[in-house]
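Asker: After the structure tokens below, expect a handful of questions from me.
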Amino acid sequence: MVFKTNLLLAVLFMLLSTQGFSQGSIISVMPSTGYVGQQQDVIIQCLGTNFKQNETQVSFGDEIQVQKITINTAENLVVKINIPENINPGNYTISIISNGKLLEKQAAYTVLQAGGKISAQLNVTPVQTLHLSDFDPNTINSAPQLFTVTVYNDLQERDLKAVLTVSGELNGKLGTATKILSKTQPGAAISFNNKQFDSYDLKSASQSLIQDASKTGLLPADIYSYHLELFAGRTKVAEAEGKNIINNTQQRPELIIPGVPFGDQSANAIPARQPLFQWFAQAKSYDFAIYKVLSNQNTEEEVVLNRPIFVQKDISGTTFLYPASAEQLIPNQLYAWQVKGNYNGSYGKEQLASHVFWFKVKTNTQPDATVKEIKIVQDDMNMPFGAANKFTVKAYNANDQEIQLKPTWRVIPANGGTITNDGIFTAGTNPVTVAILANYDDLQDYITVSIVSAPLESVLMNGFLHRVFGIPAQ
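Below, the structure is given as structure tokens:
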């Protein structure tokens with residue numbers, strides 16, 4: 054069985070490199086239908102992309118007008134579209150250009166003629182985390198709004214029934230919900246959300262899913278689908294589906310440079326008065342703050358109560374260069390810094406703060422004459438869980454000549470795997486992205502390693518390998 058799994062993984066990575074999946078893929082479009090003359094916000098969820106505001110372009114074809122593009126995350130965006138009155142109903146291809154690469158999904162969006170036939174739309178609110186309590190029938194009225202459904206009737210009065218099934222690609226079924234739409238009028242459009250069904254049933258939920266979620270209160274990482282079926286009597290007359298990729302990326306940001314953890318050891322001295330701050334996390338954005346450490350302060354809790362000497366909010370990346378226009382850092386003065394990660398949770402904006410690092414500025418700001426720079430040779434990469442890889446560094450002196458040295462290695466976060474003194478990293482069994490950090494005196498470098506997550510593996514195994522090789526879905 055282990056051999057079979059390893060073989061499939063080997064084939065998988067071969068296919069990814071040859072078929073271009075590493076360039077990204079469109080996973081879901083929500084909603085995937087619209088009506089002639091309608092304006093609509095369409096949420097597009099992808100994998101393996103790096104969307105950036107004002108740089109990413111989206112097209113629905115020549116006839117549908119794209120009015121606005123809003124980037125939520127590196128893999129999620131919202132497109133406001135206008136469907137003209139004179140458009141031809143039918144299927145349309147969605148194209149995305151980002152970082153010089155083209156993604157396309159054929160027949161990804163369908164334009165319908167109002168009153169033509171019974172149909173349904175399901176519009177999912179994109180979040181990074183879902184709570185088990187979001188689906189508790191006993192507290193459903195206080196749950197956040199996770200999705201909305203709109204049912205469009207044809208030109209005759211009907212008794213309709215909507216049945217929703219929530220399930221994960223990997224973890225199985227979570228539950229069902231039912232809503233009765235009696236005497237639906239001809240041409241009517243009826244909207245409701247996840248809190249407005251008539252009944253909810255979690256009795257058929259996967260026990261392993263419930264057990265995993267009960268440990269933390271969060272649903273485990275997976276691709277969750279909301280599948281709606283619409284019935285007239287016993288006949289299914291329409292269906293709609295939306296998906297949400299839940300990666301549970303809510304983790305405390307891990308600081309990298311400059312400095313060391315507050316209180317663990319003496320604050321190290323850095324050579325720059327305009328340092329580059331680096332940290333590791335997967336939040337939507339970050340808030341940065343730097344403080345002076347007073348002589349009587351011994352804990353990070355005391356330090357962050359000080360008035361910061363500089364604050365920068367909503368940083369999109371994981372690096373920040375201290376601006377020349379900010380208060381100048383004084384040699385031998387102790388400073389502390391902290392980053393807060395901003396996440397999209399089912400209850401709105403959620404924030405997690407890093408621990409605090411401290412440092413001071415050297416009196417002599419000239420670069421070290423012996424070692425000027427260290428650099429990890431390998432690039433950012435993906436690794437399957439349990440796999441091992443050896444990382445190495447190159448070091449240069451002030452004359453840009455390569456020199457030999459042995460750095461110390463670290464993995465952030467620590468539960469992402471282990472690394473030896475020789476740089477051999479063994480990936481853990483958690484689907485996370487980690488930083489591999491090399492350190493020598495005050496010099497540091499790092500790369501990121503994405504450990505292949507179970508949901509991604511499930512999508513590729515069940516879809517891609519089945520399509521190419523005919524291997525049955527598990």
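54 is the number of the first residue of the sequence shown in the numbering used here; add one for each residue after it.
For each residue, glycine too, the CB sits at the ideal point set by N, CA and C.
Hey, could you find the ends of the alpha helix (DSSP H) E355 is sitting in?
Answerer: Position 302 of the sequence shown, counted from the first residue, corresponds to residue 355. Counting along the chain, the alpha helix (DSSP H) containing E355 begins and ends at 353-356.
Asker: Excluding five sequence neighbours on each side, which residues of the same chain lie with their C-beta closer than 6 Å to the C-beta of Q93?
Answerer: As a position in the sequence shown, residue 93 is number 40, starting the count at 1. Correct list, in chain order: G87, I134.
Asker: Return the bridge partner residues of I147 from the DSSP annotation.
Answerer: Locating residue 147 in the sequence shown gives position 94, where the first residue counts as 1. Paired residue(s): K158.
Asker: Threshold first: 4 residues or longer. Then list the alpha helix (DSSP H) segments lying entirely within the segment 251-320, N to C.
Answerer: Correct list: 260-269.
Asker: DSSP on A467, reduced to helix/strand/coil?
Answerer: Your numbering for residue 467 matches position 414 in the sequence shown. Helix, per DSSP.
Asker: I need the straight-line Cα distance from N125 to T423, nearest angstrom please.
Answerer: As a position in the sequence shown, residue 125 is number 72, starting the count at 1. As a position in the sequence shown, residue 423 is number 370, starting the count at 1. Those two C-alpha atoms are separated by around 44 Å.
Asker: How would you label F333, buried or exposed, when you count the other beta carbons within 10 angstroms and need 16 or more for buried?
Answerer: Along the sequence shown, read from residue 1 onward, the residue named residue 333 stands at position 280. Label assigned to F333: buried.
Asker: Could you tell me which uninterrupted beta strand (DSSP E) segments, each at least 3 residues in length, are contained entirely in the segment 194-242, listed from first to last along the chain?
Answerer: 200-205, 211-221, 225-237
Asker: Is S186 helix, strand or coil by DSSP?
Answerer: The residue given as residue 186 occupies position 133 in the sequence shown. Three-state DSSP puts S186 in a helix.
Asker: Using the C-alpha atoms, what's the distance from I429 back to T501?
Answerer: As a position in the sequence shown, residue 501 is number 448, starting the count at 1. As a position in the sequence shown, residue 429 is number 376, starting the count at 1. So the two alpha carbons sit approximately 11 Å from each other.
Asker: Residue ranges of each beta strand (DSSP E) run of no fewer than 3 residues wholly in the segment 362-449, ordered along the chain?
Answerer: 363-368, 372-374, 387-398, 401-406, 410-414, 426-429, 434-436, 441-443, 446-449
Asker: Counting pairs of beta carbons, one from the segment 331-348 and one from the segment 272-280, are three or more of them closer than 8 Å?
Answerer: no
Asker: By the three-class DSSP mapping on this structure, what secondary structure does T479 have?
Answerer: As a first step, residue 479 is located in the sequence shown; it is residue number 426 there, counting from the start. Strand.
Asker: Please list, in chain order, all residues of the same chain as S252 whose beta carbon is under 6 Å from its beta carbon, the five residues on each side excluded.
Answerer: The sequence position of residue 252 within the sequence shown is 199, counting from 1. If you ignore the 5 residues before and after S252, its C-beta comes within less than 6 Å of the C-beta of T231, all in its own chain and listed in chain order.
Asker: Output yes or no for whether 9 Å exceeds the beta carbon distance between V164 and I147.
Answerer: The residue you call residue 164 lines up with position 111 of the sequence shown. The residue you call residue 147 lines up with position 94 of the sequence shown. Not a contact, by the Cβ cut-off of 9 Å.
Asker: Give a yes or no on whether the C-beta atoms belonging to F104 and N129 are separated by under 9 Å.
Answerer: Residue 104 sits at position 51 when you count from the first residue of the sequence shown. Residue 129 sits at position 76 when you count from the first residue of the sequence shown. Yes, they are a contact pair.
Asker: L227 and V219: beta carbons closer than 9 Å?
Answerer: As a first step, residue 227 is located in the sequence shown; it is residue number 174 there, counting from the start. As a first step, residue 219 is located in the sequence shown; it is residue number 166 there, counting from the start. In this structure, V219 lies closer than 9 Å to L227 by Cβ.
Asker: Do the segment 308-322 and the segment 469-478 make contact, defined as three or more Cβ pairs closer than 8 Å?
Answerer: no
Asker: Consult DSSP for T192 and reduce its assignment to one of helix, strand or coil.
Answerer: Here residue 192 refers to the residue found at position 139 of the sequence shown. In this structure, T192 counts as helix in the three-state DSSP scheme.
Asker: So, is M434 buried or exposed, given that buried needs 16 or more other C-beta atoms within 10 angstroms?
Answerer: As a working note, residue 434 is residue 381 in the sequence shown. So M434 counts as exposed.
Asker: State the Cα-Cα distance for the pair Q260 and K415, rounded to the nearest angstrom.
Answerer: As a position in the sequence shown, residue 260 is number 207, starting the count at 1. As a position in the sequence shown, residue 415 is number 362, starting the count at 1. Straight-line Cα distance between these residues: approximately 57 Å.
Asker: What residues match up with N107 in a beta bridge as DSSP calls it?
Answerer: As a first step, residue 107 must be located in the sequence shown, where it is residue number 54. In DSSP, N107 forms no bridge with anything.
Asker: What do you get for Q419, buried or exposed, if any count of 16 or more other CB atoms within 10 angstroms of its CB means buried?
Answerer: Position 366 of the sequence shown, counted from the first residue, corresponds to residue 419. Only weak support exists for where Q419 lies, its pLDDT of 46 falling under 50; the value from the coordinates is given anyway. Label assigned to Q419: exposed.
Asker: Below 9 Å between beta carbons: does that hold for Q454 and N442?
Answerer: The residue labelled residue 454 in the question sits at position 401 within the sequence shown. The residue labelled residue 442 in the question sits at position 389 within the sequence shown. No.
Asker: Check whether the segment 198-205 and the segment 238-252 are in contact - that is, three or more C-beta pairs closer than 8 Å.
Answerer: yes
Asker: Would you mind stating whether V89 and A167 have Cβ atoms separated by less than 9 Å?
Answerer: Numbered from 1 along the sequence shown, position 36 holds the residue referred to as residue 89. Numbered from 1 along the sequence shown, position 114 holds the residue referred to as residue 167. Going by C-beta atoms, V89 is nearer than 9 Å to A167.
Asker: Rounded to the nearest angstrom, how far is the Cβ of Q238 from that of N206, given a contact under 8 Å?
Answerer: Against the sequence shown, residue 238 aligns to sequence position 185. Against the sequence shown, residue 206 aligns to sequence position 153. About 7 Å separates the two Cβ atoms, so the contact holds.
Asker: Ignore the nearest five residues each way along the sequence and tell me which others in F444's own chain have a CB closer than 7 Å to its CB.
Answerer: Position 391 of the sequence shown, counted from the start, is the residue given in the question as residue 444. Excluding positions up to five away in sequence, the list reads I429, Q431, G476, F478, I489.
Asker: Compute the minimum distance between the beta carbon of P466 and the heavy atoms of the ligand PLP, and state whether it is under 8 Å.
Answerer: Of ligands this structure carries none, so the ligand PLP is not represented either.
Asker: Is G394 closer than 9 Å to A379 when the C-beta atoms are compared?
Answerer: Taking the first residue of the sequence shown as 1, we reach residue 379 at position 326. Taking the first residue of the sequence shown as 1, we reach residue 394 at position 341. No, the Cβ-Cβ distance between A379 and G394 is not below 9 Å.
Asker: Could you check the C-alpha separation between E355 and R305 for me, to the nearest Å?
Answerer: Taking the sequence shown and counting its residues from 1, one reaches residue 355 at position 302. Taking the sequence shown and counting its residues from 1, one reaches residue 305 at position 252. Those two C-alpha atoms are separated by around 19 Å.
Asker: Where does T178 fall in DSSP's three states?
Answerer: In the sequence shown, residue 178 corresponds to position 125, counting from 1. In this structure, T178 counts as coil in the three-state DSSP scheme.
Asker: Excluding five sequence neighbours on each side, which residues of the same chain lie with their C-beta closer than 7 Å to the C-beta of Q496?
Answerer: Here residue 496 is taken as the residue at index 443 of the sequence shown, counted from 1. Per the sequence shown, the amino acid found at residue 496 is Leu instead of Gln. Answer for L496: V424, E426, I427, listed in chain order.
Asker: Which value, in whole angstroms, describes the spacing of the CA atoms of P376 and K447?
Answerer: Translated into positions along the sequence shown, residue 376 becomes position 323. Translated into positions along the sequence shown, residue 447 becomes position 394. So the alpha carbons of these two residues sit roughly 29 Å apart.
Asker: When you compare only the Cα positions, how much space is there between K413 and A389?
Answerer: Residue mapping note: residue 413 aligns to position 360 of the sequence shown, counting from 1. Residue mapping note: residue 389 aligns to position 336 of the sequence shown, counting from 1. So the alpha carbons of these two residues sit roughly 9 Å apart.
Asker: Determine the direct distance from the alpha carbon of G481 to that of A274, and round the result to whole angstroms.
Answerer: Counting from 1 along the sequence shown, the entry for residue 274 is found at position 221. Counting from 1 along the sequence shown, the entry for residue 481 is found at position 428. About 15 Å.
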